[in-house]
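Here the sequence shown is numbered in my numbering, starting from 82 and rising by one per residue.
Glycine included, each C-beta is placed from N, C-alpha and C at the ideal position.
I have placed the structure first, in the form of structure tokens, so that the comments after it can refer back to it.
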Amino acid sequence: MTLKAVVIGGTGLVGNALARAWRAQGVEVQAATYREHPASGFHQLDMRDEARVRELLERLRPDWVAVPAANPYVDYCELHPEETRRVNVAGTLNVARACRGLGARMIFFSSDYVFDGVKGVYTEEDPPSPINEYGRQKAETEAGVLAADRRNLVVRTSGAYGWQWEPKNFVLQVRARLIQGREMPVAGDIRYNPTYVENLAEIVAALAQAGAAGVYHAVGADEIVRSEFALRAARAFGLDESLIRPVPAAALGSPTPRPKESSLDTAKVRAAVAVAPVGVDEGLRRMLAMEPSWRDYARTLPDPARSCAPGR
Ligand SMILES: NC(=O)c1ccc[n+]([C@@H]2O[C@H](COP(=O)([O-])OP(=O)(O)OC[C@H]3O[C@@H](n4cnc5c(N)ncnc54)[C@H](OP(=O)(O)O)[C@@H]3O)[C@@H](O)[C@H]2O)c1
Numbered sequence: 082m083t084l085k086a087v088v089i090g091g092t093g094l095v096g097n098a099l100a101r102a103w104r105a106q107g108v109e110v111q112a113a114t115y116r117e118h119p120a121s122g123f124h125q126l127d128m129r130d131e132a133r134v135r136e137l138l139e140r141l142r143p144d145w146v147a148v149p150a151a152n153p154y155v156d157y158c159e160l161h162p163e164e165t166r167r168v169n170v171a172g173t174l175n176v177a178r179a180c181r182g183l184g185a186r187m188i189f190f191s192s193d194y195v196f197d198g199v200k201g202v203y204t205e206e207d208p209p210s211p212i213n214e215y216g217r218q219k220a221e222t223e224a225g226v227l228a229a230d231r232r233n234l235v236v237r238t239s240g241a242y243g244w245q246w247e248p249k250n251f252v253l254q255v256r257a258r259l260i261q262g263r264e265m266p267v268a269g270d271i272r273y274n275p276t277y278v279e280n281l282a283e284i285v286a287a288l289a290q291a292g293a294a295g296v297y298h299a300v301g302a303d304e305i306v307r308s309e310f311a312l313r314a315a316r317a318f319g320l321d322e323s324l325i326r327p328v329p330a331a332a333l334g335s336p337t338p339r340p341k342e343s344s345l346d347t348a349k350v351r352a353a354v355a356v357a358p359v360g361v362d363e364g365l366r367r368m369l370a371m372e373p374s375w376r377d378y379a380r381t382l383p384d385p386a387r388s389c390a391p392g393r
């Protein structure tokens, strides 16, 4: 039987890659949504509006609803906790309630920032210990999503990179800055697992196909210091590595306390699906190979004739 899926936040880095991965697997992507940055063929939805969330899902009756929609800006969450909670916590839980009402299963995207970064290599069994507002919002939402339906899936990821319309992710920021010939200070004391978004999407699609439930860590295979990752990205893109300047995270002027070592253990996901997490050199190689075609890929989603009701 063909699985049917909706992606809320389908124009985002993770959501777009997931929608394409699902399509490649033969999953019917009934709708993929944006909130404020329209894209052709995508459906407008603000998940803070519970009635509209319910109306969309009742009409489409998907098997899976993925929610990579969020305000993922860590500093903005720290400075505007109430505003961002309305999206990241309350909005996501609106979707969880609508899914429960319809018997649809939900995929929520969480983060390595649910941990304090003291121990590193966290497993799914380690209790959340967030040290910033974004992490607290993620931990609270994880609990709400799993309480709504134990069959729901929580995927914790970290440092996602790949092509996207707005060059927001770290690798595209490094690329843009170095192309301009400008020096880039980067934290030399933060360790994490950068995650190639197309690989993440394949893993998540495989988890859904396998009917996985509960919490899974889906991150890249390499635990690496942020400044070293910037150097590898510069090298991969043939840009001037000497412009990368390792500095202590505290010198970067962020208002947010950040975990120092938020690496995640991936044994559980590797045992569950055949798609293996890739390391940074492989991820960057695949990203470069995709460059000429990614915009065309991104625009093939979803089928507007099927996903958008008349009048929307
Ligand atoms: N990227 C990472 O490194 C990373 C790491 C760990 C966890 N995560 C988590 O993974 C998820 C996806 O991240 P991402 O990097 O793909 O984010 P992103 O590129 O910023 O995409 C966010 C998506 O959510 C939509 N959206 C925002 N507010 C919404 C609302 N109120 N209602 C419905 N849709 C809304 C956006 O649409 P508009 O643009 O139109 O507003 C966009 O499609 C997030 O939950 C993030 O916290 C990401």
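Spatial neighbours of residue 99 in its chain, beta-carbon cut-off 7 Å, leaving aside the 5 residues before and after: 88, 147, 149, 282, 285, 286
Status (buried if at least 16 other CB within 10 Å, exposed otherwise) for residue 358: buried
Close Cβ partners of residue 318 (< 6 Å) along its chain, the five nearest in sequence each way excluded: 256
Beta-carbon gap between residue 245 and residue 94 smaller than 8 Å: yes
C-alpha distance - residue 191 paired with residue 144, whole-angstrom precision: 20 Å
Delimiting residues of the beta strand (DSSP E) encompassing residue 162: First-last for residue 162: 162–166, but that is the alpha helix (DSSP H), not the beta strand (DSSP E).
Check: residue 395 C-beta below 7 Å from any heavy atom of ligand 1: Only positions 82 to 393 of the chain appear in the structure, and residue 395 is not among them; the question remains open.
Beta carbon of residue 167 nearer than 8 Å to that of residue 218: no
Proximal residues to residue 311 (C-beta, below 6 Å), its chain only, five neighbours per side dropped: 255, 267, 325
Candidates 169, 339, 290: closest to residue 102 by CA position: 290
Endpoints, alpha helix (DSSP H) assigned at residue 219: 214–229
Per DSSP, cross-strand counterpart(s) of residue 342: 272
DSSP beta-bridge partners of residue 188: 147, 234
Simplified DSSP assignment, three categories, for residue 82: coil
Residues near residue 151 by beta carbon distance below 6 Å, same chain, minus five either side: 169
The segment 112–124 / the segment 176–194 touching (three or more Cβ pairs under 8 Å): no
Nearest-angstrom Cβ-Cβ length linking residue 394 and residue 314, presumed shorter than 8 Å: Here the chain comprises residues numbered 82 to 393, so residue 394 is not present and cannot be evaluated.
Contact belief for residue 193 with residue 335 at Cβ below 8 Å, rounded distance in angstroms: Residue 193 to residue 335, Cβ: 16 Å. No contact.
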